[in-house]
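Number of protein chains: 6
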Amino acid sequence: MTTTRYEQGWRKLMEVDGEGGQRVIDSLGDIAPDLGRYVVEFAFGDIYSRPGLDLKQRQLVTLAALTAQGGCEPQLNVHLNAALNVGLTPAEIVEALMHCIPYTGFPRVLNAVFTAKKVFQERGVL
Amino acid sequence: MTTTRYEQGWRKLMEVDGEGGQRVIDSLGDIAPDLGRYVVEFAFGDIYSRPGLDLKQRQLVTLAALTAQGGCEPQLNVHLNAALNVGLTPAEIVEALMHCIPYTGFPRVLNAVFTAKKVFQERGVL
Amino acid sequence: MTTTRYEQGWRKLMEVDGEGGQRVIDSLGDIAPDLGRYVVEFAFGDIYSRPGLDLKQRQLVTLAALTAQGGCEPQLNVHLNAALNVGLTPAEIVEALMHCIPYTGFPRVLNAVFTAKKVFQERGVL
Amino acid sequence: MTTTRYEQGWRKLMEVDGEGGQRVIDSLGDIAPDLGRYVVEFAFGDIYSRPGLDLKQRQLVTLAALTAQGGCEPQLNVHLNAALNVGLTPAEIVEALMHCIPYTGFPRVLNAVFTAKKVFQERGVL
Amino acid sequence: MTTTRYEQGWRKLMEVDGEGGQRVIDSLGDIAPDLGRYVVEFAFGDIYSRPGLDLKQRQLVTLAALTAQGGCEPQLNVHLNAALNVGLTPAEIVEALMHCIPYTGFPRVLNAVFTAKKVFQERGVL
Amino acid sequence: MTTTRYEQGWRKLMEVDGEGGQRVIDSLGDIAPDLGRYVVEFAFGDIYSRPGLDLKQRQLVTLAALTAQGGCEPQLNVHLNAALNVGLTPAEIVEALMHCIPYTGFPRVLNAVFTAKKVFQERGVL
């Protein structure tokens with residue numbers, strides 16, 4: 001059953017984060033493999049696999065949570081790619097980040113938008 | 001034109017936050033009326049009035065940003081009401097808050113869910 | 001196996017948080033029972049049940065993480081009780097909170113210490 | 001010499017925070033008296049006693065730091081009183097809080113302004 | 001009138017942030033031009049253009065808000081330059097950052113001071 | 001006596017942080033020497049020199065406080081070295097960081113673990 005949560009989580013991680021997610025898990029292999037396992041089993045196997053919100057909605061929530069916290073640029077990079085992977089357009093992503101301004105102020109949003117700029121350039125969608 | 005931004009923002013504030021938003025603006029009247037004006041003009045007249053995301057999507061982003069920041073329970077109260085106002089179901093709202101767990105940890109989500117519990121009880125939707 | 005993680009987590013939750021933890025899980029029953037389940041299965045079944053640090057060490061880490069984040073007074077209440085439950089003395093707990101001053105500044109520590117004062121009074125250890 | 005830092009700090013604490021500061025120190029007496037001592041010696045004896053900025057400037061910095069962090073309403077209460085004590089007008093205080101909007105967003109500023117409203121009412125300056 | 005807010009904001013942005021501010025607006029041009037527009041119109045046209053505090057006082061508040069939030073080093077870079085532009089001395093700036101220690105702890109202040117070190121070196125004032 | 005606090009603090013800083021701590025103090029020499037002095041006198045002379053918790057316990061608290069705050073990677077680098085210096089094993093350190101997941105979410109812990117990976121590689125303990 002742990003295997004099932006892991007397998008379920010891995011499929012979801014691949015669907016959402018793709019290569020960027022796999023790279024994070026791989027880079028944890030020699031220092032904290034169980035941390036990678038919990039990302040797969042809990043974040044993706046338990047949470048992302050729930051019904052109730054579709055993947056576009058989940059990425060809107062994720063982008064806002066990461067933007068608001070600050071200091072999560074590496075995770076924003078992964079999840080900006082994920083947002084594109086699940087079908088949000090660059091314009092929708094930028095709109096979601098800009099919607100955070102009244103709640104987080106400009107600095108958090110500027111940091112997120114400049115991270116998005118790099119991701120969009122790498123993906124050739126800017 | 002300032003009038004127009006204010007009028008546009010006020011209509012949007014009423015549509016989204018309703019009474020809860022009006023109470024915030026009113027309570028600022030004797031200490032910082034311009035703060036209330038900026039909430040109306042900038043947050044609602046400029047940001048909420050943009051196309052690109054619908055009001056349900058904007059409330060998902062708002063709930064996540066407020067949950068992730070912490071210490072925003074009064075604003076969560078207003079925007080949990082707003083989320084219901086624009087048509088998100090209680091189940092979708094709880095799902096959005098739970099989606100934040102991997103990004104914010106349990107304490108921020110517990111605080112948000114207990115705020116939601118009060119709002120849902122007041123609205124008779126729990 | 002999910003049952004086993006839940007059972008393992010529940011025993012650990014009872015051992016660490018006791019009644020305070022049970023109250024949190026119970027109060028989630030009508031709004032977000034799965035959130036309570038994840039606290040049991042993931043936080044206590046997966047993380048707290050790991051070897052490598054004993055429960056006193058885990059509570060030192062927990063208190064510091066909650067103090068540093070801010071806005072987690074309800075969770076600090078539960079985990080200050082937990083710290084006493086696993087055998088940390090009131091003096092050790094206060095020392096751990098004071099050790100945070102250089103890292104978090106005084107306000108976060110003052111909020112935590114005043115929460116500790118209430119808990120210690122309720123437990124009759126002040 | 002510790003006595004000197006303490007004495008210097010106590011005079012500065014009385015000058016800046018007045019009764020509100022004394023109440024905080026007193027309330028720490030039975031749980032963490034050394035925490036109170038460090039507030040006096042370090043925050044007020046070392047930092048507030050430095051030349052280079054006057055007390056009005058220091059309170060502007062303090063109010064912004066507390067507003068931006070969030071969850072520091074009890075400390076904001078003390079330091080909004082302090083801001084009045086050192087000669088900032090209610091209008092200057094509100095202006096400083098409103099200046100934070102672009103950097104922190106509206107929720108942090110709303111929490112601070114509503115705390116200011118209570119303080120100004122208690123002080124009869126609203 | 002929107003034009004007027006923009007023009008007013010642009011003049012203020014040039015007066016305060018100078019080139020560093022212009023670079024931020026320019027770099028948003030291809031991904032989120034409206035974000036740049038809001039920085040000009042709202043942050044500088046509305047907020048910075050208000051009476052009630054002079055520009056030195058506003059930069060003290062800005063530096064404290066950015067230091068306290070953490071993760072805002074790019075914005076601190078711009079506003080440390082701005083602080084010099086409006087006439088604060090390097091010593092006053094460092095003093096303001098050090099005044100934050102009791103409220104934010106050492107790490108946030110160290111990050112801000114090391115950012116100041118780079119800015120002061122670039123400006124030839126260290 | 002100030003001398004004594006400084007001397008006491010310096011010895012403790014050397015014992016705990018070693019070279020990494022000295023480098024921080026040195027790099028403050030030309031911009032904010034008093035900031036370095038307060039780190040030595042207050043953080044190490046006052047706080048770290050207290051009885052009540054041993055140095056391993058203090059580093060567990062430190063790592064959690066820095067991880068939870070976010071944006072403190074430079075300070076985590078110093079204190080991950082310190083954690084090794086006072087005798088915590090790499091496995092215990094990783095365990096302490098992973099224990100933060102339920103309280104801070106994955107992004108803060110991932111940032112801390114990747115900082116630990118660099119430190120452990122430099123120290124040849126990975």
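Chains as they are written, first to last, in the UniProt record's numbering: chain E, 1 to 126; chain C, 1 to 126; chain H, 1 to 126; chain S, 1 to 126; chain X, 1 to 126; chain D, 1 to 126.
Think of the CB as a built atom: it goes at the ideal place given N, C-alpha and C, for glycine as much as any other residue.
For P51 (chain C), is the classification buried or exposed, using 16 other Cβ atoms within 10 angstroms of its Cβ as the cut-off for buried?
Your numbering for residue 51 (chain C) matches position 51 in the second sequence. So P51 (chain C) counts as exposed.
Best match in C:I25, C:D26, C:L88, C:I47 for proximity to F120 (chain C) [C-alpha to C-alpha]:
The count along the second sequence starts at 1 and reaches residue 120 (chain C) at position 120. Among C:I25, C:D26, C:L88, C:I47, the Cα nearest to that of F120 (chain C) belongs to C:L88.
CB contact check: I93 (chain X) to chain H, cutoff 9 Å:
Here residue 93 (chain X) refers to the residue found at position 93 when the fifth sequence is read from its first residue. Cβ-Cβ to chain H under 9 Å: no for I93 (chain X).
Report buried or exposed for P107 (chain E), applying the criterion of at least 16 other Cβ atoms within 10 angstroms of its Cβ.
Walking along the first sequence from the start, residue 107 (chain E) turns up at place 107. Buried: at least 16 other Cβ atoms inside 10 Å.
Which residues in the same chain have their Cβ closer than 7 Å to the Cβ of Y48 (chain S), if we skip the five residues on either side of it in sequence?
Working through the fourth sequence from its first residue, we reach residue 48 (chain S) at position 48. Within the same chain, Y48 (chain S) has close Cβ partners K12, V16, R58.
Do the CB positions of L126 (chain H) and I25 (chain S) come within less than 9 Å of each other?
Indexing the third sequence from 1 puts residue 126 (chain H) at position 126. Indexing the fourth sequence from 1 puts residue 25 (chain S) at position 25. No, these two residues do not count as a Cβ contact at 9 Å.
Short of 8 Å Cβ to Cβ, which residues in the region 97-121 of chain X face chain S?
M98, H99, C100, I101, P102, Y103, T104
Alpha carbon to alpha carbon, what distance is there between E41 (chain D) and L76 (chain X)?
On the fifth sequence, position 76 is the one that residue 76 (chain X) refers to. On the sixth sequence, position 41 is the one that residue 41 (chain D) refers to. Taking the straight line from one Cα to the other gives about 27 Å.
Within 9 Å of any Cβ in chain E, is that where the Cβ of P90 (chain D) sits?
Against the sixth sequence, residue 90 (chain D) aligns to sequence position 90. Yes, because at least one Cβ of chain E sits closer than 9 Å to the Cβ of P90 (chain D).
Under 9 Å, Cβ to Cβ, is there at least one residue of chain D near A83 (chain H)?
Translated into the one-based positions of the third sequence, residue 83 (chain H) becomes position 83. No, no contact with chain D.
For S27 (chain H), three-class secondary structure by DSSP
Here residue 27 (chain H) corresponds to residue number 27 of the third sequence, with the count starting at 1. S27 (chain H): helix per DSSP, three-state reduction.
Name, please, each residue of chain D whose Cβ falls closer than 7 Å to the Cβ of Y38 (chain S).
Within the fourth sequence, residue 38 (chain S) is the residue found at index 38, counting from 1. Against chain D, the beta carbon of Y38 (chain S) has neighbours under 7 Å at D46, listed in chain order.
Please confirm whether E34 (chain E) has its beta-carbon closer than 9 Å to some beta-carbon of chain H.
Taking the first sequence and counting its residues from 1, the one referred to as residue 34 (chain E) is at position 34. Before going on, a small fix: residue 34 (chain E) reads as Asp here, not Glu. Chain H, which has a Cβ nearer than 9 Å to the Cβ of D34 (chain E), makes this yes.
Within 10 angstroms of its Cβ, does M1 (chain S) collect 16 or more other Cβ (buried), or is it exposed?
Taking the first residue of the fourth sequence as 1, we reach residue 1 (chain S) at position 1. Residue confidence for M1 (chain S) is low, a pLDDT of 48 falling below 50, so the modelled location carries little weight and cannot support an answer.
So what's T89 (chain X) in DSSP terms, helix, strand or just coil?
Against the fifth sequence, residue 89 (chain X) aligns to sequence position 89. Reduced to three states, the DSSP call for T89 (chain X) is coil.
Can the beta-carbon of L80 (chain E) be found closer than 9 Å to that of I93 (chain E)?
Within the first sequence, residue 80 (chain E) is the residue found at index 80, counting from 1. Within the first sequence, residue 93 (chain E) is the residue found at index 93, counting from 1. L80 (chain E) places its beta carbon less than 9 Å from that of I93 (chain E).
Secondary structure of D17 (chain C), DSSP reduced to three states:
Along the second sequence, one-based indexing puts residue 17 (chain C) at 17. The answer is coil: DSSP assigns D17 (chain C) none of H, G, I, E or B.
Could you spell out where the alpha helix (DSSP H) holding A112 (chain D) opens and where it closes?
As a first step, residue 112 (chain D) is located in the sixth sequence; it is residue number 112 there, counting from the start. 106-122 is the span of the alpha helix (DSSP H), which, as asked, contains A112 (chain D).
Please report how far the alpha carbon of C100 (chain C) lies from the alpha carbon of T104 (chain E), in whole angstroms.
Translated into positions along the second sequence, residue 100 (chain C) becomes position 100. Translated into positions along the first sequence, residue 104 (chain E) becomes position 104. Taking the straight line joining both Cα atoms gives about 16 Å.
Quick check on this structure: which residue in S:G124, S:F44, S:A83, S:L60 has the alpha carbon closest to the alpha carbon of E7 (chain S)?
By 1-based counting over the fourth sequence, the position of residue 7 (chain S) is 7. Nearest C-alpha to E7 (chain S): S:F44.
Flag G9 (chain C) as yes if its beta-carbon sits less than 9 Å from any beta-carbon of chain S, otherwise no.
To locate residue 9 (chain C), count along the second sequence from 1; it is residue 9. Closer than 9 Å: no.
Could you spell out where the alpha helix (DSSP H) holding Y48 (chain X) opens and where it closes?
Stepping through the fifth sequence from its first residue, residue 48 (chain X) is reached at position 48. Counting along the chain, Y48 (chain X) falls outside any alpha helix (DSSP H), and DSSP gives it neither H nor E.
Quick check on G9 (chain E): does DSSP put it in helix, strand or coil?
As a first step, residue 9 (chain E) is located in the first sequence; it is residue number 9 there, counting from the start. Correct three-state label for G9 (chain E): helix.
Please identify the residue among S:L28, S:E95, S:R5 whose C-alpha is closest to the C-alpha of P33 (chain C).
Position 33 of the second sequence, counting from 1, holds the residue named residue 33 (chain C). Residue S:E95 is the option with its Cα nearest to P33 (chain C).
What would DSSP say about V61 (chain H), mapped onto helix, strand or coil?
Sequence index remark: in the third sequence, residue 61 (chain H) carries index 61 (1-based). When DSSP states are grouped into helix, strand and coil, V61 (chain H) belongs to the helix group.
What is the rounded straight-line gap between the Cα of L97 (chain X) and the Cα of L53 (chain S)?
Against the fifth sequence, residue 97 (chain X) aligns to sequence position 97. Against the fourth sequence, residue 53 (chain S) aligns to sequence position 53. If you take the alpha carbons of L97 (chain X) and L53 (chain S), they lie about 11 Å apart.
Please classify L35 (chain S): does DSSP put it in a helix, a strand, or coil?
Position 35 of the fourth sequence, counting from 1, holds the residue named residue 35 (chain S). It is helical.
Roughly how many whole angstroms lie between the Cα atoms of N85 (chain X) and E19 (chain X)?
By 1-based counting over the fifth sequence, the position of residue 85 (chain X) is 85. By 1-based counting over the fifth sequence, the position of residue 19 (chain X) is 19. Roughly 11 Å between the two C-alpha positions.
Between V39 (chain H) and L60 (chain D), how many whole angstroms is the CB-CB distance? I'm expecting something under 8 Å.
Locating residue 39 (chain H) in the third sequence gives position 39, where the first residue counts as 1. Locating residue 60 (chain D) in the sixth sequence gives position 60, where the first residue counts as 1. The Cβ separation is near 22 Å, so there is no contact.
Proximal chain D residues relative to L53 (chain E), where beta-carbon distance stays under 9 Å:
The count along the first sequence starts at 1 and reaches residue 53 (chain E) at position 53. Within chain D, no C-beta atom comes nearer than 9 Å to that of L53 (chain E); the closest sits roughly 18 Å away.
Taking C-beta pairs closer than 7 Å, name the residues in chain S that L60 (chain X) reaches, listed in chain order.
Position 60 of the fifth sequence holds residue 60 (chain X). By Cβ distance, chain S contributes Q57, L60, V61.
Using a beta-carbon distance below 9 Å, is Q75 (chain H) in contact with chain C?
In the third sequence, the residue the question calls residue 75 (chain H) occupies position 75. Chain C, which has a Cβ nearer than 9 Å to the Cβ of Q75 (chain H), makes this yes.
Nearest by alpha-carbon distance to G36 (chain C): which of C:L55, C:G9, C:K56 is it?
For this step, residue 36 (chain C) is matched to residue 36 along the second sequence. It is C:G9.
At least one CB of chain H closer than 9 Å to the CB of Q69 (chain S): is that the case?
Along the fourth sequence, read from residue 1 onward, the residue named residue 69 (chain S) stands at position 69. Output row for Q69 (chain S): interface = yes.
Classify R23 (chain S): buried if its beta carbon has 16 or more other beta carbons within 10 angstroms, exposed otherwise.
By 1-based counting over the fourth sequence, the position of residue 23 (chain S) is 23. Burial call: exposed.
Report all residues from its chain with a CB closer than 7 Å to the CB of A83 (chain C); omit the five preceding and five following residues, and keep chain order.
On the second sequence, residue 83 (chain C) is found 83 positions in, with the first residue counted as 1. Excluding positions up to five away in sequence, the list reads Q59, L63, I93.
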